[in-house]
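Colleague: Provided herewith is a single structure, encoded as structure tokens, for subsequent inquiry.
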Amino acid sequence: MNKQWLSVVIAAFFEVGWVIGLKHAGSVLEWIGTAIAIFVSFYLLIKAGENLPVGTVYAVFVGLGTAGTVCADSLLFGEPWKLAKILCIFVLLAGVVGLKLVTGESKDQEVNG
Amino acid sequence: MAWVALVVAGLCEMMGVYMISKYNDAKSTKNLVLLIVAFTLSFAGLAYAMETLPMGTAYAIWTGIGAAGGALLGMLFFNESKDWRRIVCIGLVFRAAIFLKLLS
């Protein structure tokens, strides 16, 4: 996995962090952590958009963030797993892997190819 | 009102995604401010809409408008690939994200 894709994945991790923060943060410290997570995730998102098409980056960011939030809800907050949820996560990952395969290394290649 | 706020929030998110491309083209303060304003309005609108609408529904519609619209703007204005395989994959990711939110 190259650097740009890695930063989208890390951005999605931070997204899960701030979504949990927005829902559960209670103390000042937790709110500061949430704000830092928002900043880091968007910083990485913008950085990744320098070399990858932004439409792809944003789709992957939102998709992985959603899947991560659903997993966190089940693992940390006791939401029940459902078969349909697991299926959705697999479809989502298939879409992300597909995007990685059809997306060139840089924008120039994208346009030419 | 909640529905209006939700649609406006989705449009602001589209605008925000557009501004990420714009900012990467020209790193000006103006572009960065517009990017931040667009996403802030978008989150505020979503939060407002979720006070009355069910969270899963609100989030699914918001993501659908913003992310699909953002990808479309990228194809129209920033020369992003219109390869059908790319469109299919983006469609898969959105649909899965929308269903996940509707399920939870």
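Those protein sequences? They're chains A and B, same order as listed.
Quick note, the first sequence lines up with residues 1 to 113 if you use the working numbering.
Quick note, the second sequence lines up with residues 1001 to 1104 if you use the working numbering.
Even for Gly, the Cβ is constructed at its ideal location relative to N, Cα and C.
Identify, in the order they occur along the chain, each residue of the same chain with its Cβ nearer than 8 Å to the Cβ of A1044 of chain B, setting aside the five sequence neighbours on each side.
Modeller: Excluding sequence neighbours, A1044 of chain B sits near A1009.
Colleague: Helix, strand or coil for L1053 of chain B per DSSP?
Modeller: In the structure shown, L1053 of chain B sits in coil (DSSP, three-state: anything other than H, G, I, E or B).
Colleague: Distance, Cα to Cα, G68 of chain A vs V1037 of chain B?
Modeller: Their Cα atoms are separated by approximately 26 Å.
Colleague: Using a Cβ cut-off of 7 Å (strictly closer), state whether E30 of chain A contacts chain B.
Modeller: No, its Cβ sits nowhere closer than 7 Å to a Cβ of chain B.
Colleague: Let me see if you follow: with CB-CB separation under 7 Å, is G1045 of chain B close to chain A or not?
Modeller: Taking Cβ atoms only, chain A never reaches closer than 7 Å to G1045 of chain B, which makes this a no.
Colleague: Alpha carbon to alpha carbon, what distance is there between F61 of chain A and F14 of chain A?
Modeller: Their Cα atoms are separated by approximately 10 Å.
Colleague: Along the alpha helix (DSSP H) that carries M1019 of chain B, what are the first and last residues, could you check?
Modeller: 1002-1025 is the extent of the alpha helix (DSSP H) around M1019 of chain B.
Colleague: What alpha helix (DSSP H) runs, 4 residues minimum, are completely inside the stretch 6-60 of chain A?
Modeller: Runs of the alpha helix (DSSP H) inside the stretch 6-60 of chain A: 28-48.
Colleague: Taking DSSP as the reference, what is the three-state secondary structure of T103 of chain A?
Modeller: In this structure, T103 of chain A counts as coil in the three-state DSSP scheme.
Colleague: Just the C-alpha distance for L1053 of chain B and V1007 of chain B, rounded to the nearest angstrom, thanks.
Modeller: In a straight line, the C-alpha of L1053 of chain B is about 13 Å away from that of V1007 of chain B.
Colleague: Return the CA-CA distance between R1095 of chain B and R1086 of chain B, expressed in angstroms with no decimal places.
Modeller: Distance between the alpha carbons of R1095 of chain B and R1086 of chain B: 14 Å.
Colleague: G21 of chain A and E1080 of chain B - do their beta-carbons sit closer together than 7 Å?
Modeller: Result no, Cβ atoms of E1080 of chain B and G21 of chain A do not sit closer than 7 Å.
Colleague: Is there a C-beta anywhere in chain B that falls below 7 Å from the one on K85 of chain A?
Modeller: Taking Cβ atoms only, chain B reaches closer than 7 Å to K85 of chain A, which makes this a yes.
Colleague: Taking only beta-carbon positions, decide if M1015 of chain B is within less than 7 Å of chain A.
Modeller: Chain A contact via Cβ: absent.
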